[in-house]
Amino acid sequence: MKLASRSLLPAEKRVRFGVALPALIAAALLASPSTFAAGTAAGTVIDNTAQANFDLGGSNFTQDSNTVSVTVAERIDVLVTLLSSQVQVNAGDSTRSLLFSVTNSGNGSEAWQLAIDSGLGGDDFDPVPANPSIYFDTDGSGDYNTGDTAYVPGSNDPVLAADESVNMLLVNEIPADALDGELGHSELSAVAATGSGNPGDVFAGLGDGGVDAVIGATGGSATEFGEYVVADVQMNVIKSVVVADPSGGNSPVPGATLTYSITVEVTSTGTATDAQFNDVIPGFTTFVPSSIELNGSALSDAADTDAGELNTAGTPAVVVRLGDLTQASGTQTVNFQVTID
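Residues in the sequence shown are numbered from 0 upward in steps of one, following numbering that gives the first Met the number 0.
This is the structure:
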């Protein structure tokens, strides 16, 4: 009955309705930009139906449009990120690793083909890729270990869901002739197995579930490099002793005090990381309490917040934590005393 009554509308009413409906459909589509957000999963079906409402003779009428469906295509994007800081190495080192993450920044599942390039320009030496040279960080240590799984191109390419990441290691040998202070770069690349190219390129039917795959802003590939620095750490450690006997002389007799002085100095461009001084209390002597000094400042004998202590677990020893030392740190001087039993 409603259809029949609408068919009897005056001509001008029918024309006005016929013109207004397409406009309402277009307005409804334009009013939904969030529907096309970049993060929407590939294969998602977006349905949209417009609706027109109007009054006639005091009655309200509703007219639905046909439903328009759009299936979201797969967008192929990737990000490679360096997770390692600059890695200090020695000339001739083997299996030195750099840590990267590979992130699928597209909206569908994708396999990624990985490659190493250690012959880059802009550095001082070329690291030599190990064989194999790319590993999954299987144990999550952030460094190469024998239990890490080797990457085999075409065999175990990482397949990542949207927004999923995997940590990978590049493993290189350091040439024996690399010089102190020289830099060497090594690069990881990731390319989508589906394809790469210019943003907007379409691979028809090759996306998730048979939808189209569209190359995103990254071109479907990404690279990043890490850096090795040759830092042969060389240190001078010199120990001396001054004897003071009870008579005011310098004879090492029982009861005499021995003041040990140890200097520690980095003489190369490298960094001695977490350097720690350890000196076992000699036999036939007794440690003098509160005699530990670092660079002229007294340190306590207890294991507390300062850098020093007398470690009495096992054989007693003076321990002084020097931290990270470089040439710029200058000479570190540790003093302590014992008496001859």
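Positions of the beta carbon are idealized from the N, C-alpha and C atoms, including for glycine.
When C-beta atoms of the stretch 240-259 are compared with those of the stretch 208-220, fewer than three pairs fall below 8 Å, so the two segments do not count as touching. Exclusion of the five residues before and after residue 338 leaves 254, 255, 256, 257, 284, 285 and 287 as the residues of its chain whose Cβ lies within less than 8 Å of its Cβ. A residue is called buried once 16 or more other Cβ atoms fall within 10 Å of its Cβ, and residue 103 is buried on that count. Note that the C-beta distance between residue 292 and residue 301 is not below 9 Å. The beta carbon of residue 147 is closer than 7 Å to those of 134, 135, 136, 137, 138 and 168 in its chain, skipping five residues each way along the sequence. Contact annotation: the stretch 221-237 touches the stretch 85-104, with at least three C-beta pairs closer than 8 Å.
The C-alpha of residue 150 is placed about 29 Å away from the C-alpha of residue 38. Here residue 327 carries a helix assignment [DSSP, helix/strand/coil].
CA-to-CA, the gap between residue 50 and residue 76 works out to about 37 Å.
Under DSSP, the beta-bridge partners assigned to residue 202 are 212. When DSSP states are grouped into helix, strand and coil, residue 63 belongs to the strand group. In its chain, beyond the 5 residues on either side, 112 and 220 have a beta carbon closer than 6 Å to the beta carbon of residue 190. Rounded to whole angstroms, the separation of the alpha carbons of residue 181 and residue 316 is 38 Å. Assigned with DSSP and collapsed to three states, residue 207 falls in helix. Between residue 228 and the set 40, 125, 44 and 53, the nearest pair of CA atoms involves 125. Separation of the CB atoms of residue 90 and residue 157 is rounded to 33 Å, and the pair is thereby denied contact status at 8 Å. When the beta-carbon positions are compared, residue 261 and residue 278 come within less than 9 Å of each other. Residue pairing of residue 128 in beta bridges, as defined by DSSP: 171. In the DSSP annotation of this structure, the continuous segment of the beta strand (DSSP E) that includes residue 115 starts and ends at 109-116. Look at residue 98 here: in three-state DSSP terms it is strand.
Rounded to the nearest angstrom, the gap between the Cα atoms of residue 80 and residue 297 is 45 Å. A straight line joining the alpha-carbon of residue 235 with that of residue 84 spans about 27 Å.
For the 9 Å CB-CB criterion, residue 259 and residue 289 do not form a contact.
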